[in-house]
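The structure appears right after this line, and notes come after that.
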Amino acid sequence: MEADPSLVKQLEALFDDQEDNIDKAVRCLKVLAHPQRLKILCVLQTGEHSVQQLEAYVGIAQATLSQHLSLLKDRGILTSRRQGNFSLYSVANHEMVDLFAMIQRIFCTETH
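Mapping of the sequence shown onto full-length UniProt numbering: position 23 corresponds to residue 23, and the numbering continues sequentially without gaps.
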């Protein structure tokens, strides 16, 4: 079965218009493709947490955690603010929380 030429043209136009967005999505998904970072994001979808709280919840050393947090922040997935001596991290936008919730529904339910 051959490809429909009109659909091919439509998809080429769509992909050309969306190339930057596709690249952005790929970069984001690559960053998410790490077990520790997914754990961090699962915790942060519940709300803002300090580095110390994340260290306890996720169970990784603070130095390693800080590297992951820095990468997630650099990619625009997380945001942080200072409160006294503490750095508090949260998910940068609501759409990312929705994405993590969907990942949990698909992969973290008892049926899987």
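For each residue, glycine too, the CB sits at the ideal point set by N, CA and C.
Quick caveat, the model's predicted, so the values are computed rather than measured.
Nearest-angstrom Cβ-Cβ length linking Val-51 and Ser-66, presumed shorter than 8 angstroms: Residue numbering aside, residue 51 sits at position 51 when the sequence shown is read from its first letter. Residue numbering aside, residue 66 sits at position 66 when the sequence shown is read from its first letter. Correct: roughly 7 angstroms between the Cβ atoms.
Report buried or exposed for Arg-37, applying the criterion of at least 16 other Cβ atoms within 10 angstroms of its Cβ. As a first step, residue 37 is located in the sequence shown; it is residue number 37 there, counting from the start. Result: buried.
Run of the beta strand (DSSP E) containing Thr-64, from where it starts to where it stops: Here residue 64 corresponds to residue number 64 of the sequence shown, with the count starting at 1. Segment 62-74 is the alpha helix (DSSP H) holding Thr-64; no beta strand (DSSP E) there.
So who's on the other strand from Thr-79, going by DSSP bridges? To locate residue 79, count along the sequence shown from 1; it is residue 79. Per DSSP, Ser-90.
Could you check which residue in Glu-19, Gly-59, His-68 and His-49 has the C-alpha nearest to that of Tyr-89? Along the sequence shown, one-based indexing puts residue 89 at 89. The shortest C-alpha separation from Tyr-89 is found at His-49.
For Ser-50, list the residues DSSP reports as bridge partners. As a working note, residue 50 is residue 50 in the sequence shown. DSSP, once it has assigned bridges, lists Leu-88 as partnering Ser-50.
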